[in-house]
Amino acid sequence: MTPHIIKYTLGAALLSLILPIISLAQTNTDSVDLPTRAEAIESYRQARETERVATLQQLGNTLISRRIDALNTARTRLEASSHLTNATVATVQATLDERATALLQLRETIQTTDDLDLLKQHVREIVDAHRIYMVVLPQTYGLALIDRMYQYATSLSALNDSIIQYTSELQTSGVDVQSLQAATDDARANISAAQHQLADAQSQLLSMRIPNPDEAREYRSQAQQQIASARDALRTTRATLDSAVAELKNMLHTDE
Numbered sequence: 692m693t694p695h696i697i698k699y700t701l702g703a704a705l706l707s708l709i710l711p712i713i714s715l716a717q718t719n720t721d722s723v724d725l726p727t728r729a730e731a732i733e734s735y736r737q738a739r740e741t742e743r744v745a746t747l748q749q750l751g752n753t754l755i756s757r758r759i760d761a762l763n764t765a766r767t768r769l770e771a772s773s774h775l776t777n778a779t780v781a782t783v784q785a786t787l788d789e790r791a792t793a794l795l796q797l798r799e800t801i802q803t804t805d806d807l808d809l810l811k812q813h814v815r816e817i818v819d820a821h822r823i824y825m826v827v828l829p830q831t832y833g834l835a836l837i838d839r840m841y842q843y844a845t846s847l848s849a850l851n852d853s854i855i856q857y858t859s860e861l862q863t864s865g866v867d868v869q870s871l872q873a874a875t876d877d878a879r880a881n882i883s884a885a886q887h888q889l890a891d892a893q894s895q896l897l898s899m900r901i902p903n904p905d906e907a908r909e910y911r912s913q914a915q916q917q918i919a920s921a922r923d924a925l926r927t928t929r930a931t932l933d934s935a936v937a938e939l940k941n942m943l944h945t946d947e
């Protein structure tokens, strides 16, 4: 057998072995149900949407938990007030309770919503529909501050009354007390002015409403101005009374 014939024979044999293998491979490939490009894209989209839903639910839970904690703290601060009227305290407490209840209900809704677009709306409601940091907390803490300033004004008024009593006794004894009388008159006027400013600030804060955040911001700004003016008046009063006390002590010592 010539080399040419041998080469031809071997080639034919190898080809007879390879062809069935190629045919089998093609048959196996054709039998596999591979996803289409559209199906793969849809599967990826669904996986990403599920991930985004979980992220938004976690975000919603975190935002609401922070606000609930802040509302509870504000409620405790408000309950400690002593110069606000019972009606004022009850009104603000009702607002705090209403917001807390609504937020808890919203949290339940968020945790059971799996539609991404609807979930986005619910998470946005945490800010837009409740305005905890823009309206509710500034209102509550502003009222608590006013209460403390009322307490301070009351203590200054009591001190002023004591000085007036001592001044009257010295005057009866023939001591010149014109400077003390002027000081107590100034103190009384400043205390009265501060109390009126605090009342105006309280009225501004109570006018703040959740549906009108821009208007609420303006009321808050006006209240802050009134509170600042009241604080200045009380500081002036304290300085005046400190000087009056020092002068009174000197008079009493001299009188002895």
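Be aware that the sequence shown starts at 692, since it is given in the numbering used here, and climbs by one per residue. C-beta atoms are modelled at their ideal positions from N, C-alpha and C, and glycine is treated no differently. Computed from a predicted structure; not experimentally measured.
Can you grab the Cα-Cα spacing for the pair residue i / residue j, in whole Å?
| i | j | result |
| --- | --- | --- |
| Asn881 | Asn941 | 24 Å |
| Ala849 | Leu828 | 32 Å |
| Arg736 | Val744 | 12 Å |
| Pro904 | Thr804 | 28 Å |
| Met825 | Asp788 | 17 Å |
| Gln679 | Glu740 | In the structure as shown, the chain starts at 692 and stops at 947, and residue 679 therefore has no counterpart that could be examined. |
| Asp876 | Ala890 | 21 Å |
| Asn763 | Leu943 | 51 Å |
| Arg929 | Ala878 | 8 Å |
| Arg766 | Asn851 | 33 Å |
| Ala874 | Leu932 | 7 Å |
| Ile755 | Asn777 | 29 Å |
| Thr927 | Ala914 | 20 Å |
| Leu869 | Ala892 | For the record, residue 869 in the displayed sequence is Gln; it is not Leu. Rounded to whole angstroms, Gln869 to Ala892 spans 35 Å at the Cα level. |
| Arg790 | Thr727 | 50 Å |
| Asp721 | Ala729 | Confidence at Asp721 is low in this model, with a pLDDT of 49, below 50, so the placement of that residue should be treated as unreliable; the coordinate-derived value is given next. Approximately 19 Å, taken between the alpha carbons. |
| Glu906 | Arg900 | 8 Å |
Residue i and residue j look like a contact to me (Cβ under 8 Å); what is the Cβ gap, rounded to whole Å?
| i | j | result |
| --- | --- | --- |
| Ile854 | Ala935 | 5 Å |
| Ile823 | Leu797 | Actually they do not touch by this definition, with Cβ atoms about 12 Å apart. |
| Ala924 | Ala884 | 5 Å |
Using beta-carbon positions only, say whether residue i and residue j come within less than 8 Å of one another.
| i | j | result |
| --- | --- | --- |
| Tyr910 | Gln895 | yes |
| Val780 | Thr831 | no |
| Leu794 | His821 | yes |
| Leu810 | Leu769 | no |
| Asn847 | Glu938 | Looking at the sequence itself, residue 847 is Leu, so the reference to Asn does not match. In this structure, Glu938 does not lie closer than 8 Å to Leu847 by Cβ. |
| Leu750 | Val814 | yes |
Would you say the beta carbon of residue i is closer than 7 Å to some non-hydrogen atom of the ligand NAP?
| i | result |
| --- | --- |
| Gln886 | The model depicted lacks the ligand NAP and carries no ligand whatsoever. |
Query raised in the report: Along the chain, which unbroken stretches of the alpha helix (DSSP H) at least 4 residues long are found entirely within the segment 862-923?
Result: Fully enclosed alpha helix (DSSP H) runs of no fewer than 4 residues occupy 869-897 of the segment 862-923, in order along the chain.
Query raised in the report: Where are the alpha helix (DSSP H) runs, 4 residues long or more, that stay fully inside the segment 795-860, in chain order?
Result: The DSSP assignment places complete alpha helix (DSSP H) segments of no fewer than 4 residues inside the segment 795-860 at 807-819, in order along the chain.
**Report entry** Within the segment 725-764, ranges of the beta strand (DSSP E) (whole runs, at least 3 residues)
**Finding:** Considered as a whole, the segment 725-764 harbours no complete run of any beta strand (DSSP E) with no fewer than 3 residues.
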